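Enquirer: 46 is the number of the first residue of the sequence shown in my numbering; add one for each residue after it.
For each residue, glycine too, the CB sits at the ideal point set by N, CA and C.
Every value quoted in this text rests on a predicted model; they were computed, and no experiment measured them.
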Amino acid sequence: MEKMFDVDANINDLMLMLTDKYRKYTSNDHSSISVEKAQQLMDSILYCINGYLNSVNVDSNSITTSDYNSANALYERGLELEKENFSYAKELLINIKNTALKIDNMSYQDTIFGGLDIFFKKYDVLYAAHETPADIDYQLCFEVIDCTGVEYILKYLEQLYIENIFCNKFDEKDIKALLMGYNQDYRVMLLNFFEVVLQNILGLELISSDILRLNIYAEDRLILQEMLENLDLFELQDKLLIALDSILDKLDIKDYGQVEYAKKATIKISYDIKHCISIKKIDKIFITSDYTKDEVASTYKDGVQMSSKELRKFISEMQECRFTSDKIAMIKSSVHSLRDLIDVLDTCIWDDEYVEVFKLLSQVELDILCQIVVSDMAMGYKLSELKPWQREFLNFEK
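Here it is as structure tokens:
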């Protein structure tokens, strides 16, 4: 149970601490600060104190300083704890970037290679320890609730790392095809890779099929429907947990945290399976992968490239061109290679012009550009470090 510091019983100590914090924040400037800023400073103090108290074994749910030296001593211990959490979270983000999937889902890539970095640039443990300055869109299997600041970020990262490690047991090409089968708009959807993967491999394990293939065929769903439709929820959960034990053994997953996370996720998924079976919509939970786009992209043949001299001349003429319509006409008549077009995007196209160029491309060409952007982000490029056309491409409705 979460323990909370008794503010009323320690108000005198807290006010002295607030005065000292205010003095340091303003560098001894005696001008007044707003009520909102004072409240922020107090919230930051209490965040560190409560964070420390919840990290140690204390029987009472409401804590005074009777068992400790002072409120300030509790704060200093809490501040040190949050600094340690910050350092650990920073290391964890590096590991997450190293294990990130090269899957072109905008919320996933933006969160890992952009939104989370914001936190480590803007977090202020001294004066706003309770705040969470981050831009996080990617949905985990379990939402992080009831915490803020670095404690929120740490829990989010720990869960995301577990999900990444699990998904890395499978071929990215197969995960991408599974997501495509789940929804063709998976690139712009808020969805969770781990959950989609886990529910399919649970189905595959139940019918004794190869879990590494990820793909569930229509005939597999018929078997699963017949196998599961007469089970009550508890029987279904028991069956799924037995299947999970076998899956974890096959994937050589033994870490306690990862095992417990997968068990908890399996229980969550059981409710969705039960519902989909009851309404005869089992295809919404056990997905058939869609490899068609990968097959088309793999057979794509680029057009004839210009020579280096021709490309330099074309770029020079494009740079002198003032009107977007003229640039588009030049691209249509002279650029026949996606490689050449990327050079043009790098050097001659600006602002609203990007969208007009993207509109010229086929879906396969858009998919290839998307793979280029995702690959750069997976290599560690931050959003701010991407080329202008790459940032615009992420916002383009493909």
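1. Could you tell me which of Ile-268, Leu-236, Asp-180, Ile-163 sits nearest to Leu-249, measuring between CA atoms?
2. Near Glu-208, which residues of its chain fall below 6 Å by C-beta distance, leaving aside the five closest residues on each side in sequence?
3. Could you tell me how far apart the beta carbons of Leu-202 and Leu-146 are, in whole angstroms, since I believe they sit closer than 8 Å?
4. Which residue marks the beginning of the alpha helix (DSSP H) containing Asn-95, and which one marks its end?
5. Mark Glu-430 as exposed unless 16 or more other C-beta atoms lie within 10 angstroms of its C-beta, in which case mark it buried.
6. With DSSP run on the structure shown, which of helix, strand or coil describes Glu-125?
7. What's the C-alpha gap between Ser-370 and Val-349?
8. Can you give me the C-alpha to C-alpha distance between Val-189 and Leu-296, rounded to a whole angstrom?
9. What residue from Tyr-120, Tyr-197, Glu-264, Ser-379 has the CA that sits closest to Thr-333's CA?
10. Short of 7 Å in beta carbon distance, which residues of its chain neighbour Ile-256, apart from the five on each side in sequence? Order them along the chain.
11. Would you mind stating whether Phe-158 and Leu-386 have Cβ atoms separated by less than 8 Å?
12. Going by DSSP, what residue range makes up the alpha helix (DSSP H) through Phe-238?
13. Any idea if Thr-337 is buried or exposed, counting beta-carbon neighbours within 10 angstroms, 16 or more meaning buried?
14. By the 10 Å Cβ neighbour count, where 16 or more other Cβ atoms means buried, how is Thr-156 classified, buried or exposed?
15. Report yes if the CB atom of Tyr-133 is closer than 8 Å to the CB atom of Ile-94, and no otherwise.
16. Should the region 215-227 be regarded as contacting the region 191-205, the criterion being three or more beta carbon pairs within less than 8 Å?
17. Looking only at its chain, what residues have a beta carbon closer than 6 Å to the beta carbon of Leu-199, apart from the 5 residues adjacent to it on each side?
18. Please state whether the Cβ-Cβ distance between Ile-327 and Arg-266 is less than 8 Å.
19. Is it buried or exposed for Glu-305, if we count other Cβ within 10 angstroms and need 16 for buried?
20. Are the beta-carbon atoms of Val-418 and Phe-438 separated by less than 8 Å?
21. With 16 other CB atoms within 10 Å as the buried threshold, where does Asn-57 fall?
22. State the start and end residues of the unbroken alpha helix (DSSP H) segment that holds Thr-64.
Expert: According to the data block:
1. Ile-268
2. Phe-239
3. So it is not a contact: roughly 16 Å between Cβ atoms.
4. 80-98
5. exposed
6. helix
7. 23 Å
8. 26 Å
9. Glu-264
10. Ile-246, Leu-249, Glu-250, Ile-292, Lys-295
11. no
12. 238-251
13. exposed
14. buried
15. no
16. no
17. Asn-130, Ala-134
18. yes
19. exposed
20. yes
21. exposed
22. 56-70
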